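Input: a single structure, listed below in structure tokens.
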Amino acid sequence: MPTTTRTVLTRQLRQLEKDKLIDRKVFAEVPPHVEYSLSKLGTHFQKVLDEIEIFGLNYIAELNKM
């Protein structure tokens, strides 16, 4: 996402962490290093997003038939 600013990305990651959809791991090193991963809840939500994607692709295909 090259047009996303660092501020916007940080805000979104903090919100996803607050919502328990991602986990944040901080490494004690210089320079500071942080990694994000899907939480258990986030992994379950991924299944929902996958189904929404399938619906969206099928919907677009139907619209293109018209």
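Residue numbers (the working numbering): 23 to 88.
Where is the CB? At the ideal position from N, CA and C, for every residue including glycine.
This one's a predicted model, so the numbers in the text were calculated from it and none came from an experiment.
Determine which residues share a DSSP beta bridge with S59 and list them.
The beta-bridge partner set that DSSP reports for S59 consists of D45.
Checking 8 Å against the spacing of the C-beta atoms, do L43 and L71 come in under that value?
Contact flag unset, no.
How many angstroms separate the CA atom of K40 from the CA atom of Q34?
Spanning the two alpha carbons is a distance of roughly 10 Å.
Give the secondary structure of T29 by DSSP, where H, G and I count as helix, E and B as strand, and everything else as coil.
When secondary structure is reduced to three states using DSSP, T29 falls in the helix class.
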